[in-house]
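One structure is given below, encoded as structure tokens.
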Amino acid sequence: MTSKRYLGGDIGGTASRFCLVDQTGAVLSEGKASGATALIFTPDIREALDKAIGEVGNAIAGPVHGAAFGLTGYGARARDEIVAIIRSHIDIASENIFISDDIELAYRSLFAPGTGHLVSAGTGSIAIHLDTGGNLLRIGGRGTLIDDAGSGAWIALAALRALYRRLDETGTPGDMSVLAGALYAAAGGGDWSDIRAYIYSGDRGKIGALSKAVGEAAKAGDPFALMLMQQAGEELARLGNILIKRCGNHPVAFIGGVLGLSPIIRETISKTLNGEASFPRLDQAKGAAELARSIFSEEF
Numbered sequence: 001m002t003s004k005r006y007l008g009g010d011i012g013g014t015a016s017r018f019c020l021v022d023q024t025g026a027v028l029s030e031g032k033a034s035g036a037t038a039l040i041f042t043p044d045i046r047e048a049l050d051k052a053i054g055e056v057g058n059a060i061a062g063p064v065h066g067a068a069f070g071l072t073g074y075g076a077r078a079r080d081e082i083v084a085i086i087r088s089h090i091d092i093a094s095e096n097i098f099i100s101d102d103i104e105l106a107y108r109s110l111f112a113p114g115t116g117h118l119v120s121a122g123t124g125s126i127a128i129h130l131d132t133g134g135n136l137l138r139i140g141g142r143g144t145l146i147d148d149a150g151s152g153a154w155i156a157l158a159a160l161r162a163l164y165r166r167l168d169e170t171g172t173p174g175d176m177s178v179l180a181g182a183l184y185a186a187a188g189g190g191d192w193s194d195i196r197a198y199i200y201s202g203d204r205g206k207i208g209a210l211s212k213a214v215g216e217a218a219k220a221g222d223p224f225a226l227m228l229m230q231q232a233g234e235e236l237a238r239l240g241n242i243l244i245k246r247c248g249n250h251p252v253a254f255i256g257g258v259l260g261l262s263p264i265i266r267e268t269i270s271k272t273l274n275g276e277a278s279f280p281r282l283d284q285a286k287g288a289a290e291l292a293r294s295i296f297s298e299e300f
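Encoded structure:
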């Protein structure tokens with residue numbers, strides 16, 4: 001009898017990952033795909049999701065018994081359209097597809113409901129608590145245009161905002177020259193037309209990726225970049241503190257690529273959080289595959 005296969009997908013704005021397991025939980029295949037989001041309000045964003053799912057489908061080839069996907073920005077109204085995209089590239093029944101946003105999927109991979117809090121800081125930032133009744137409380141996560149403080153996109157835009165104010169005021173970067181050089185190199189040029197094209201022709205994932213340049217400037221000692229790393233830590237700890245205040249003093253797990261930009265971010269979180277902070281290494285794609293197996297396998 002052919003072994004049933006279960007697919008997990010972690011679809012993020014900057015990059016996506018997938019993991020395919022068999023009915024015993026053994027990993028059959030894993031890899032990366034293009035970044036995308038569930039915010040399929042425009043043709044370009046829909047095409048990005050179609051591309052990412054297509055890459056996953058090409059990599060795994062063959063039928064899948066159950067799948068669980070976590071997608072940045074997912075809302076239930078988009079389910080039918082996203083299921084259609086998935087099924088156009090992957091041989092799977094509609095009823096065997098579980099979809100949530102990426103942060104809820106991460107929570108379920110780390111905590112049983114009601115036992116912890118989660119703060120995620122990648123391209124965007126959000127904090128959640130899932131209670132024993134399945135009710136989800138979200139703090140933040142309203143997107144770059146409104147807030148997402150402490151996220152990669154927030155760091156990148158704060159750095160650019162400060163740099164251009166300095167240039168407007170003095171004509172030179174002054175003591176922000178290291179930061180300016182890192183941003184210019186990452187954006188492909190130091191002329192305003194280069195920065196404008198990078199920011200306004202890109203998506204939020206591309207903007208968030210620019211935070212790596214700010215992290216590099218911090219490591220090189222740029223004073224403003226160092227201050228931004230501390231501010232990012234304070235903003236992320238704030239999200240955790242809100243959950244502690246509203247839902248109880250449970251452990252708070254912090255995840256996401258922003259945490260790797262500078263040790264200052266983790267240090268600041270640990271100092272500022274009014275509770276227990278942890279920084280787990282989370283394989284979200286594998287966690288999604290295990291969730292799919294637990295939902296759709298008759299063995300559970």
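Positions 1 to 300 (UniProt numbering) are the ones given, in order, by the sequence shown.
Here a beta-carbon is modelled for each residue, glycine too, at the ideal position from N, C-alpha and C.
All figures in this text were calculated on a predicted structure; none of them were measured in a lab.
So within the stretch 162 to 202, which uninterrupted beta strand (DSSP E) runs reach at least 3 residues, ignoring any that extend past its ends?
none
Can you give me the C-alpha to C-alpha distance between Ile-195 and Leu-228, rounded to a whole angstrom?
Here the question's residue 195 lines up with position 195 in the sequence shown. Here the question's residue 228 lines up with position 228 in the sequence shown. So the two alpha carbons sit approximately 20 Å from each other.
Just reading off the alpha helix (DSSP H) that Glu-290 is part of, what are its end residues?
In the sequence shown, counting from the first residue as 1, residue 290 sits at position 290. Run containing Glu-290: 284 to 296, per the alpha helix (DSSP H) assignment.
Exposed or buried, what is Glu-216 when buried is set at 16 or more other beta-carbons lying within 10 Å of its beta-carbon?
If you number the sequence shown from 1, residue 216 lands on position 216. With 16 or more other Cβ atoms within 10 Å, it is buried.
From Arg-46 to Ala-78, what does the alpha carbon distance come to, in whole angstroms?
As a working mapping, residue 46 is identified with position 46 in the sequence shown. As a working mapping, residue 78 is identified with position 78 in the sequence shown. If I take the Cα positions, the gap works out to 11 Å.
Which first and last residues belong to the beta strand (DSSP E) in which Ala-149 is found?
Taking the first residue of the sequence shown as position 1, residue 149 is located at position 149. Here Ala-149 belongs to no beta strand (DSSP E), and DSSP marks it neither H nor E.
Please state the DSSP three-state secondary structure of Glu-276.
If you number the sequence shown from 1, residue 276 lands on position 276. If DSSP states are grouped into helix, strand and coil, Glu-276 belongs with coil.
Which of helix, strand or coil does DSSP assign to Tyr-6?
In the sequence shown, counting from the first residue as 1, residue 6 sits at position 6. If DSSP states are grouped into helix, strand and coil, Tyr-6 belongs with the strands.
Using 7 Å as the cut-off, classify the Cβ of Arg-281 as near or not near the heavy atoms of the ligand PLP, replying yes or no.
What this structure holds is no ligand at all, so the ligand PLP is not there to describe.
Relative to the C-alpha of Ile-264, which residue among Gln-231, Gly-181, Glu-104 is closest?
Here residue 264 refers to the residue found at position 264 of the sequence shown. Considering only alpha carbons, the answer is Gln-231.
Is Ile-146 closer than 8 Å to Leu-71 when the C-beta atoms are compared?
As a first step, residue 71 must be located in the sequence shown, where it is residue number 71. As a first step, residue 146 must be located in the sequence shown, where it is residue number 146. No, these two residues do not count as a Cβ contact at 8 Å.
Under a Cβ-count criterion, where at least 16 other Cβ atoms within 10 Å of its own Cβ denotes burial, should Thr-24 be classed as buried or exposed?
Against the sequence shown, residue 24 aligns to sequence position 24. Classification of Thr-24: exposed, given that the 10 Å Cβ count is below 16.
What whole-angstrom Cβ distance do Gly-116 and Pro-251 have, given they're in contact under 8 Å?
Counting from one through the sequence shown, the residue named residue 116 turns up at place 116. Counting from one through the sequence shown, the residue named residue 251 turns up at place 251. Confirmed, Cβ separation roughly 5 Å.
Under 8 Å between C-beta atoms of Gly-208 and Thr-123:
The count along the sequence shown starts at 1 and reaches residue 208 at position 208. The count along the sequence shown starts at 1 and reaches residue 123 at position 123. Contact flag set, yes.
Beta-ladder partner(s) of Pro-63, from DSSP:
Translated into the one-based positions of the sequence shown, residue 63 becomes position 63. Answer is Asp-91.
Going straight from the alpha carbon of Phe-254 to that of Ala-106, what length do you get?
Locating residue 254 in the sequence shown gives position 254, where the first residue counts as 1. Locating residue 106 in the sequence shown gives position 106, where the first residue counts as 1. Taking the straight line joining both Cα atoms gives about 11 Å.
Who are the near neighbours of Gly-141 in its chain, counting only those whose CB is closer than 6 Å to its CB and skipping five residues on each side?
Position 141 of the sequence shown holds residue 141. Excluding sequence neighbours, Gly-141 sits near Ile-126.
If you draw a straight line from the alpha carbon of Ala-76 to that of Asp-191, how long is it in whole angstroms?
Within the sequence shown, residue 76 is the residue found at index 76, counting from 1. Within the sequence shown, residue 191 is the residue found at index 191, counting from 1. The straight-line gap from Cα to Cα measures roughly 42 Å.
Cutting at 7 Å between CB atoms, please list the residues of its own chain near Glu-234, excluding the five before and the five after it.
Numbered from 1 along the sequence shown, position 234 holds the residue referred to as residue 234. Here the set comprises Thr-268, Thr-272.
What does Ile-11 pair with, by DSSP beta-bridge criteria?
Taking the first residue of the sequence shown as 1, we reach residue 11 at position 11. Note: Ile-11 sits in a beta bridge opposite Ser-16, Leu-71.
Cutoff 7 Å; reference Leu-28; Cβ partners in own chain excluding five residues on either side
On the sequence shown, position 28 is the one that residue 28 refers to. Closer than 7 Å at the Cβ level, and outside the excluded window around Leu-28, lie Arg-5, Leu-20, Val-21, Asp-22.
How about Val-83 and Ser-100: are their beta carbons less than 8 Å apart?
Here residue 83 refers to the residue found at position 83 of the sequence shown. Here residue 100 refers to the residue found at position 100 of the sequence shown. No; because the gap between Cβ atoms is not below 8 Å, this pair is not in contact.
Just to confirm the assignment, what range does the beta strand (DSSP E) spanning Asp-222 have?
Position 222 of the sequence shown, counted from the start, is the residue given in the question as residue 222. Unbroken run through Asp-222: none, as it is neither H nor E.
Could you please give the first and the last residue of the uninterrupted beta strand (DSSP E) stretch that includes Leu-105?
Residue mapping note: residue 105 aligns to position 105 of the sequence shown, counting from 1. Segment 102 to 110 is the alpha helix (DSSP H) holding Leu-105; no beta strand (DSSP E) there.
Could you tell me the alpha carbon to alpha carbon distance between Ser-16 and Pro-223, rounded to whole angstroms?
Translated into the one-based positions of the sequence shown, residue 16 becomes position 16. Translated into the one-based positions of the sequence shown, residue 223 becomes position 223. In a straight line, the C-alpha of Ser-16 is about 33 Å away from that of Pro-223.
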